[in-house]
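Novice:
Protein chains: 2
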Amino acid sequence: MIPFEVRIDLKSGILNKSDRRSKRYLSDLNSYFIDTKKIESMIRKKNVLVYEVYEIVVPEELGHMMFGSSILYPGKVGSEYFLTKGHYHEKIETAEIYFCLKGEGYLVMESLEGEFLNIYMRSGSIAYVPPKWAHRTTNTGTEPFVCFYSVPATAGHDYDEIEKNGFKTTIIESEGKVKIIKKEDY
Amino acid sequence: MIPFEVRIDLKSGILNKSDRRSKRYLSDLNSYFIDTKKIESMIRKKNVLVYEVYEIVVPEELGHMMFGSSILYPGKVGSEYFLTKGHYHEKIETAEIYFCLKGEGYLVMESLEGEFLNIYMRSGSIAYVPPKWAHRTTNTGTEPFVCFYSVPATAGHDYDEIEKNGFKTTIIESEGKVKIIKKEDY
């Protein structure tokens, strides 16, 4: 395999080329927000783009690393900030690195052992998601929340657990402030 | 293991904390430049810092990734631009990602099969060094050449092969221009 280069726009997070590009609209996320009525009415009005991911694909073999960028747009569903689906890795023993280039938000994480932790990120924050921790991002700012990520190429995604049981915590605006809450307290 | 965050200064490449920090001065590199007489006289005058590496250490286990930053200062030994030692990985089947944040230079690479390739990098360039490719950076600009890197935690470094046999190519200033040359043609 031959070395290669891609270029990322450090402000927008857009790659000049990518092997996979996924876009998630409100309608792809209607089971992920607390206020299901609100999201339905928002979708009817305008099914906006919530986030997109640019992905560079390399052989899915030990020793290789996938990488790319995620761009999570600002917005809220009711009082809950826009978020990505989030996932565990299929190969649960794999870590992931998130490097925030622009904007601000949280890396929302929880472990198979039931622990949870949210890390605030802004330009220059590099977060390490150890093996066995599910992770999503939430944009609590007013501009796109742009991250570069790298992950072992064998990691894979497991979205099912999160789709079924969700994360324990989420982030809302409450009295003009960013507030991390347990969903059961909403 | 618990998730954690570090912060990188996107201009200087300095991490707000690191587990290992290495500094390489001219005297650490006297066998790496073509003009050995020139480097000896430079060291006698002032043994300047050529580069430094900030490293975040995680368990050296499959699924984890090390990361950090390298800051390669501008300068030349004779006409040859400042460079890092460069290395193969001990675990030869591991890749590495280099993400240039600031400055400009080249990622100089060659493979065990005798291929060689140099990629020009500037702010926003992300290069993929596949398994089995030795790699070093060269600063061909006038400001520090700052890169973020990530690598499988099991990769390890093999500096011996490069120290013994060097890279086939290097980068010099020739008639005011940046020029990649085969060392045998110097």
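Chain order of the listed sequences is A and B. If you use the numbering used here, the first sequence corresponds to residues 3 to 188, in order. If you use the numbering used here, the second sequence corresponds to residues 3 to 188, in order. Beta carbons are placed, not taken as given, at the ideal position from N, Cα and C, and that holds for glycine.
Give the residues of chain A in contact with LEU12/B, contact being defined as C-beta atoms less than 9 Å apart.
Specialist: Within the second sequence, the letter at position 10 stands for residue 12/B. Under the 9 Å cutoff, chain A gives LEU12, LEU103, SER125 and GLY126.
Novice: Specify the secondary structure class of ASP160/B as computed by DSSP and reduced to three states.
Specialist: Within the second sequence, residue 160/B is the residue found at index 158, counting from 1. Three-state result, ASP160/B: strand.
Novice: Taking the DSSP output, what are the residues bridged to SER71/B?
Specialist: For the purposes of this step, residue 71/B is taken as residue 69 along the second sequence, with counting starting at 1. According to DSSP, SER71/B bridges with TYR56/B and PHE150/B.
Novice: Suppose you measure from the CA of ARG168/B to the CA of TYR34/B; what does that come to, to the nearest Å?
Specialist: Here the question's residue 168/B lines up with position 166 in the second sequence. Here the question's residue 34/B lines up with position 32 in the second sequence. Checking the displayed sequence, the identity of residue 168/B turns out to be Gly instead of Arg. Straight-line Cα distance between these residues: approximately 7 Å.
Novice: Who are the Cβ neighbours of GLU92/A in its own chain at under 6 Å, not counting the five residues just before and after it?
Specialist: For the purposes of this step, residue 92/A is taken as the residue at position 90 of the first sequence. Excluding residues within five positions, the ones whose Cβ falls inside 6 Å are GLY158 and ASP160.
Novice: Which residue comes first and which comes last in the alpha helix (DSSP H) that contains THR142/A?
Specialist: One-based indexing of the first sequence puts residue 142/A at position 140. Where THR142/A is concerned, there is no enclosing alpha helix (DSSP H), given that its DSSP letter is neither H nor E.
Novice: With which residues is ALA129/B paired in a DSSP beta bridge?
Specialist: Your numbering for residue 129/B matches position 127 in the second sequence. Paired residue(s): GLU7/A and TYR100/B.
Novice: If we ignore side chains and look at the alpha-carbon of each, how far apart do PHE84/A and LEU109/A end up?
Specialist: Within the first sequence, the letter at position 82 stands for residue 84/A. Within the first sequence, the letter at position 107 stands for residue 109/A. Answer to the nearest angstrom: the Cα atoms are 12 Å apart.
Novice: On the DSSP letters alone, give me the boundaries of the alpha helix (DSSP H) that SER43/B sits inside.
Specialist: Locating residue 43/B in the second sequence gives position 41, counting from the first residue. Here the alpha helix (DSSP H) through SER43/B covers 38 to 47.
Novice: For chain B, find out if any of its Cβ atoms is closer than 9 Å to the Cβ of TYR90/A; answer yes or no.
Specialist: Taking the first sequence and counting its residues from 1, the one referred to as residue 90/A is at position 88. Output row for TYR90/A: interface = no.
Novice: Just curious, the beta strand (DSSP E) that THR172/B is in, first and last residue?
Specialist: Here residue 172/B corresponds to residue number 170 of the second sequence, with the count starting at 1. From DSSP, the beta strand (DSSP E) with THR172/B extends over 171 to 176.
Novice: Report back the beta-carbon spacing between MET111/A and PHE101/A to the nearest angstrom; my notes put them in contact at under 8 Å.
Specialist: Residue 111/A sits at position 109 when you count from the first residue of the first sequence. Residue 101/A sits at position 99 when you count from the first residue of the first sequence. At roughly 16 Å, the Cβ-Cβ gap does not stay under 8 Å, so MET111/A and PHE101/A are not in contact.
Novice: If you measure beta-carbon to beta-carbon, which residues of the stretch 37 to 58 of chain B are closer than 9 Å to chain A?
Specialist: From the stretch 37 to 58 of chain B, only ILE58 have a Cβ closer than 9 Å to chain A.
Novice: Can you pull out the residues from the stretch 125 to 151 of chain A whose beta carbon lies closer than 9 Å to at least one beta carbon of chain B?
Specialist: Taking 9 Å as the Cβ-Cβ cut-off against chain B, the residues of the stretch 125 to 151 of chain A that qualify are SER125, GLY126, SER127, ILE128, ALA129, TYR130, VAL131, PRO132, PRO133, LYS134, TRP135, HIS137 and PHE150.
Novice: Are LEU17/B and LYS87/B closer than 9 Å when you measure CB to CB?
Specialist: Counting from 1 along the second sequence, the entry for residue 17/B is found at position 15. Counting from 1 along the second sequence, the entry for residue 87/B is found at position 85. Cβ atoms of LEU17/B and LYS87/B: not closer than 9 Å.
Novice: Using CA atoms only, rank isn't needed, just tell me which of LYS48/A, TYR122/A, SER20/A and PRO5/A is closest to ASP11/A.
Specialist: As a working note, residue 11/A is residue 9 in the first sequence. Checking every option, the nearest Cα to that of ASP11/A belongs to SER20/A.
Novice: If you count every other CB in all the chains shown that lies within 10 Å of the CB of GLY70/A, and 16 or more means buried, which is it?
Specialist: Taking the first residue of the first sequence as position 1, residue 70/A is located at position 68. Burial call: buried.
Novice: For chain B, find out if any of its Cβ atoms is closer than 9 Å to the Cβ of GLU117/A; answer yes or no.
Specialist: Looking up residue 117/A in the first sequence gives position 115. Chain B contact via Cβ: present.
Novice: Counting only beta-carbon separations shorter than 9 Å, does GLU77/B have a partner in chain A?
Specialist: Here residue 77/B refers to the residue found at position 75 of the second sequence. The displayed chain sequence assigns Gly, not Glu, to residue 77/B. Cβ-Cβ to chain A under 9 Å: no for GLY77/B.
Novice: Is there a C-beta anywhere in chain B that falls below 9 Å from the one on GLY107/A?
Specialist: On the first sequence, position 105 is the one that residue 107/A refers to. For GLY107/A, the answer is no, since every Cβ of chain B falls outside 9 Å of its Cβ.
Novice: If you count every other CB in all the chains shown that lies within 10 Å of the CB of GLY105/A, and 16 or more means buried, which is it?
Specialist: The count along the first sequence starts at 1 and reaches residue 105/A at position 103. Counting Cβ neighbours within 10 Å, GLY105/A comes out buried, since at least 16 surround it.
Novice: Does the stretch 138 to 156 of chain B come into contact with the stretch 60 to 75 of chain B, if we say contact requires no fewer than three beta-carbon pairs (one atom in each stretch) closer than 8 Å?
Specialist: Output reads yes: the stretch 60 to 75 of chain B touches the stretch 138 to 156 of chain B.
Novice: The beta strand (DSSP E) with GLY107/B in it runs from where to where?
Specialist: The residue labelled residue 107/B in the question sits at position 105 within the second sequence. Counting along the chain, the beta strand (DSSP E) containing GLY107/B begins and ends at 106 to 113.
Novice: With DSSP as the reference, label LEU17/B as helix, strand or coil.
Specialist: Within the second sequence, residue 17/B is the residue found at index 15, counting from 1. It is a strand residue.
Novice: Please classify ILE173/B: is it buried, with 16 or more other beta-carbons within 10 angstroms of its beta-carbon, or exposed?
Specialist: Taking the first residue of the second sequence as 1, we reach residue 173/B at position 171. Answer is buried; the Cβ neighbour count reaches 16.
Novice: Output the distance between the C-alpha atoms of THR139/A and ALA97/B, rounded to the nearest integer angstrom.
Specialist: Working through the first sequence from its first residue, we reach residue 139/A at position 137. Working through the second sequence from its first residue, we reach residue 97/B at position 95. Rounded to whole angstroms, THR139/A to ALA97/B spans 26 Å at the Cα level.
Novice: Am I right that GLY107/A and PRO133/B are in contact with their C-beta atoms under 8 Å? What's the rounded C-beta distance?
Specialist: Translated into the one-based positions of the first sequence, residue 107/A becomes position 105. Translated into the one-based positions of the second sequence, residue 133/B becomes position 131. Not a contact, Cβ separation roughly 34 Å.
Novice: Can you tell me whether LYS93/A is helix, strand or coil according to DSSP?
Specialist: As a position in the first sequence, residue 93/A is number 91, starting the count at 1. Note: LYS93/A maps to coil in three-state DSSP.
Novice: Alpha carbon to alpha carbon, how far is VAL153/B from GLY116/B? Give it in angstroms, no decimals.
Specialist: Indexing the second sequence from 1 puts residue 116/B at position 114. Indexing the second sequence from 1 puts residue 153/B at position 151. Roughly 23 Å separates the two Cα atoms.
Novice: If we count the other Cβ atoms within 10 Å of its Cβ and call it buried at 16 or more, is ILE4/A buried or exposed?
Specialist: One-based indexing of the first sequence puts residue 4/A at position 2. With fewer than 16 Cβ atoms within 10 Å of its Cβ, ILE4/A is classed as exposed.
Novice: Does the distance from the CB of VAL79/A to the CB of ILE36/A come in under 9 Å?
Specialist: Stepping through the first sequence from its first residue, residue 79/A is reached at position 77. Stepping through the first sequence from its first residue, residue 36/A is reached at position 34. Contact: yes.
Novice: Counting only the same chain and skipping the five closest in sequence on each side, list residues whose C-beta sits under 7 Å from that of HIS89/B.
Specialist: Locating residue 89/B in the second sequence gives position 87, where the first residue counts as 1. Hits under 7 Å: ALA136, HIS159, ASP160, TYR161 and ILE164.
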